[in-house]
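Asker: Residue numbers (the numbering used here): 1 to 197.
Just so it is clear, CB atoms sit at the ideal spot from N, CA and C, and this is done for glycine as well.
All figures in this text were calculated on a predicted structure; none of them were measured in a lab.
Submitted below is the structure of interest, expressed as C-alpha cells.
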C-alpha cells in the first residue's frame, strides 16, 4: 500500500509552499496568539515550511478562546468543531492555509480521562485529502485551547490531474511489490487507489 501511495504522490507535479506572509505580520500574529494566555505559550515551527508545528501552554493557563476569537460570543453555544475552526481561521497565516472551513474536515473528537477533548482534522485541497496533512487541537472542559499539533501542508499549489488511471496505478504498485519481494502477483491484493496530495 505504501508503494501505491508513493506512486500516486510522485505523479503530481507539485509546487507547494508558494506564498508566505512577511516577518512583521508573522510577529504581530504570534504576539496576538501569546497574549491569549496568562501563562507561557511555547510555539515550535516546521523547519522546512516555517509554519506552526506545535503550540503548548502552561498547565492551567490555556489560550482563552474568547481572546483568541476576539468576539463577544457565548462559548457554550458553539460546538468544539466550530470553535477550533474559528481559532485556526483567526491564525490561518501561521498554519499556512487560506480557508479553514474548506480545507479542514473533522475526523473525530476524542476525550481523555481529564475530560479534555482532542479535535482532529484531515486537510483537503480541492476535495482531495492531503497525505498526512492533519491537525489536532486539545480543548479543556471550558473549551479553551491547551495545545495544538499541526502537520498541515501550507499554501498548496498543485495541478490535480492524475497521469495514471486507478486500475493502472494498482497494477503498477502490485507489479513493483511483487518484483521487490519476489512474490507472485496473483498472491497480492491492493485496495482501490485513492487520489491524495
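Pull up the distance between the alpha-carbon of residue 116 and that of residue 23, whole angstroms please.
Answerer: So the two alpha carbons sit approximately 34 Å from each other.
Asker: Using a Cβ-Cβ cut-off of 7 Å (strictly less than) and excluding sequence neighbours within five positions of residue 38, which residues of its own chain qualify?
Answerer: For residue 38, where only same-chain residues beyond five positions count, the Cβ hits under 7 Å are 61.
Asker: Restricting to runs no shorter than 3 residues, where is the beta strand (DSSP E) found entirely within the region 44-105?
Answerer: Runs of the beta strand (DSSP E) inside the region 44-105: 52-57.
Asker: With DSSP as the reference, label residue 178 as helix, strand or coil.
Answerer: Residue 178 falls in the helix class under three-state DSSP.
Asker: Tell me where the alpha helix (DSSP H) around residue 194 begins and ends.
Answerer: Here residue 194 belongs to no alpha helix (DSSP H), and DSSP marks it neither H nor E.
Asker: What three-state label does DSSP hand residue 152 in the structure shown?
Answerer: The answer is coil: DSSP assigns residue 152 none of H, G, I, E or B.
Asker: Is there a Cβ from chain B that is less than 8 Å from the Cβ of residue 50?
Answerer: Looking at the structure shown, chain B is missing, and only one protein chain is on hand.
Asker: On a CA-only basis, which of 140, 146 and 85 is nearest residue 58? Give me that one, please.
Answerer: Considering only alpha carbons, the answer is 146.
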